[in-house]
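Q: Below is one structure. I have some questions about it.
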Amino acid sequence: MEWFRKQQAARSYSRAKHTRTLLNQLFAFALRQDAIARNPVEGTSPLSRPKHQIHALTLEQVQAIRAAAAAWRTGPDVRGPKPDGKVRDICEVLLGTSMRPGEVLALRPCDVTETRRGMVVHVQGTVVRRSGVADFRQDQPKTDASNRRIAVPEFAAEVIRRRIADMDGSGPEVTIVHNRDGGVITLHNLRRTFREFVRDAGLEDLGITPRWYRRTGATVLARGLGLDAAASFLGHTSTAITEGHYAGTGNDRF
């Protein structure tokens, strides 16, 4: 069992962990049925989790994706309707606020407040996926700590103001970025279009997703203001989450 566990661990940590769990359940059942004298998995050494490498966007990568988003489907040979810039604008808000993609998709005009110091958005919902149903707006974010107010930098605030102005009298409960029927933009459609931006930017081999904007913001905040400020801004319940999953180190920094 020790030899087999090490073989699996050499391929990947997650594979070894999953294999160990299944084998432990299998042998535990055999032990209860008096088929074996002991569970051999219990004698193996514990798995060592590899250090998680956190990636954040560089300034050059941000600019490359911006340029690709602006030029996406604008050539003379492109057929069909021209892009409306929704995903491009979502990227700008993600970059400026470090919100989760679902939180940006769930923003409504009633969540936006203009103050003397600039725009503030209240994160109090998210777009979620459930098996067998279409994506929908949930009236609470991922956790209680995720219900928060965020100061929006001016470049992202301009995008939000323009989108609200273009809503043509739609109700305050309609999301700021929505589809033609007034429904939410799905997470699948967001990721699909974003992958095309990344491909056009020549960055498709890096595995960049919309989540990288959140990691980028976390890294900037943690380096400039500390982990406590970054955790509060991101809506994390503890700084351990911020440090372990979002606050990047090394050369992959914005």
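Whatever position you read off the sequence shown (first residue = 1), add 2 for the working numbering. Heads up, the beta-carbon is just placed ideally off N, CA and C, and yes, glycines get one too.
Assuming Gly87 contacts Pro155 (C-beta within less than 8 Å), just tell me the rounded distance between them.
A: In the sequence shown, residue 87 corresponds to position 85, counting from 1. In the sequence shown, residue 155 corresponds to position 153, counting from 1. Actually they are not in contact, since the Cβ atoms of Gly87 and Pro155 sit about 19 Å apart, beyond 8 Å.
Q: Indicate whether Val89 and Phe138 have their beta-carbon atoms separated by less than 8 Å.
A: Locating residue 89 in the sequence shown gives position 87, counting from the first residue. Locating residue 138 in the sequence shown gives position 136, counting from the first residue. Not closer than 8 Å, so no.
Q: Going by the CB atoms, is the gap between Gly127 and Ala159 shorter than 8 Å?
A: Position 157 of the sequence shown holds residue 159. Position 125 of the sequence shown holds residue 127. Going by C-beta atoms, Ala159 is not nearer than 8 Å to Gly127.
Q: Return the first residue and the last residue of the beta strand (DSSP E) that Arg139 is part of.
A: Position 137 of the sequence shown holds residue 139. Run containing Arg139: 135 to 140, per the beta strand (DSSP E) assignment.
Q: In terms of residues, what are the limits of the alpha helix (DSSP H) holding Ala70?
A: Within the sequence shown, the letter at position 68 stands for residue 70. 61 to 73 is the span of the alpha helix (DSSP H), which, as asked, contains Ala70.
Q: Work out the CA separation of Arg164 and Val114 for me, nearest whole Å.
A: Here residue 114 is taken as the residue at index 112 of the sequence shown, counted from 1. Here residue 164 is taken as the residue at index 162 of the sequence shown, counted from 1. In a straight line, the C-alpha of Val114 is about 13 Å away from that of Arg164.
Q: Three Cβ pairs or more, each shorter than 8 Å: is that satisfied between the region 143 to 150 and the region 69 to 88?
A: Touching, no.
Q: Alpha carbon to alpha carbon, how far is Glu94 from Val1? Give it in angstroms, no decimals.
A: Within the shown structure, residues of the chain are numbered from 3 to 256, placing residue 1 beyond reach of any answer.
Q: Between the alpha carbons of Val106 and Trp214, how many angstroms are there, rounded?
A: Here the question's residue 106 lines up with position 104 in the sequence shown. Here the question's residue 214 lines up with position 212 in the sequence shown. About 14 Å.
Q: Quick test of the definition: if touching needs 3 or more C-beta pairs under 8 Å, does the region 187 to 203 touch the region 67 to 76?
A: Yes, they touch.
Q: Report the three-state DSSP secondary structure of Ile38 (helix, strand or coil).
A: One-based indexing of the sequence shown puts residue 38 at position 36. The answer is coil: DSSP assigns Ile38 none of H, G, I, E or B.
Q: Smallest Cα separation from Gly104: which of His20, Gln27, Ile178?
A: Taking the sequence shown and counting its residues from 1, the one referred to as residue 104 is at position 102. Among His20, Gln27, Ile178, the Cα nearest to that of Gly104 is on Ile178.
Q: Put Arg217 into one of helix, strand or coil per three-state DSSP.
A: For the purposes of this step, residue 217 is taken as the residue at position 215 of the sequence shown. Correct three-state label for Arg217: helix.
Q: To the nearest angstrom, report how far apart Thr211 and Arg81 are at their CA atoms.
A: One-based indexing of the sequence shown puts residue 211 at position 209. One-based indexing of the sequence shown puts residue 81 at position 79. Cα to Cα, the separation comes out at about 26 Å.
Q: Would you kindly report the start and end of the unbroken beta strand (DSSP E) that includes Glu4?
A: Counting from one through the sequence shown, the residue named residue 4 turns up at place 2. Segment 4 to 13 is the alpha helix (DSSP H) holding Glu4; no beta strand (DSSP E) there.
Q: Check Asp254 in the structure and name its three-state DSSP category.
A: One-based indexing of the sequence shown puts residue 254 at position 252. Since pLDDT at Asp254 reaches only 46, below the 50 mark, its modelled position is unreliable, and the value read off the structure follows with that caveat. It is coil, neither helix nor strand.
Q: When the Cα atoms are used, what is the spatial distance from Lys8 to Ala30?
A: Position 6 of the sequence shown, counting from 1, holds the residue named residue 8. Position 28 of the sequence shown, counting from 1, holds the residue named residue 30. Roughly 21 Å between the two C-alpha positions.
Q: Roughly how many angstroms separate the alpha carbons of Arg216 and His190, rounded to a whole number?
A: What you label residue 216 is simply residue 214 of the sequence shown in a count that begins at 1. What you label residue 190 is simply residue 188 of the sequence shown in a count that begins at 1. Spanning the two alpha carbons is a distance of roughly 18 Å.
Q: By the DSSP assignment, the beta strand (DSSP E) with Arg110 in it spans what residues?
A: As a working mapping, residue 110 is identified with position 108 in the sequence shown. Neither: Arg110 is in no beta strand (DSSP E) and is coded neither H nor E.
Q: Considering just the uninterrupted stretch of the beta strand (DSSP E) at Ala153, what are its terminal residues?
A: On the sequence shown, position 151 is the one that residue 153 refers to. 150 to 153 is the span of the beta strand (DSSP E), which, as asked, contains Ala153.
Q: So, using beta-carbon positions, are Leu49 and Asn41 closer together than 8 Å?
A: As a first step, residue 49 must be located in the sequence shown, where it is residue number 47. As a first step, residue 41 must be located in the sequence shown, where it is residue number 39. No; because the gap between Cβ atoms is not below 8 Å, this pair is not in contact.
Q: Quick check on the burial criterion: 16 or more other C-beta atoms within 10 angstroms. Buried or exposed for Ile38?
A: In the sequence shown, counting from the first residue as 1, residue 38 sits at position 36. Ile38 should be labelled exposed.
Q: Could you spell out where the alpha helix (DSSP H) holding Arg194 opens and where it closes?
A: The residue given as residue 194 occupies position 192 in the sequence shown. 189 to 202 is the extent of the alpha helix (DSSP H) around Arg194.
Q: Reducing DSSP to helix, strand and coil, say where Thr117 ends up.
A: Along the sequence shown, one-based indexing puts residue 117 at 115. The answer is strand: DSSP assigns Thr117 an E or B state.
Q: CB-CB under 7 Å to Arg51, same chain, minus the five flanking residues each way: which ones, in chain order?
A: Counting from 1 along the sequence shown, the entry for residue 51 is found at position 49. Only Tyr15 meet the Cβ criterion.
Q: Given a cut-off of 8 Å on the beta-carbon distance, is the pair Arg110 and Glu175 in contact?
A: Position 108 of the sequence shown, counted from the first residue, corresponds to residue 110. Position 173 of the sequence shown, counted from the first residue, corresponds to residue 175. A contact, by the Cβ cut-off of 8 Å.
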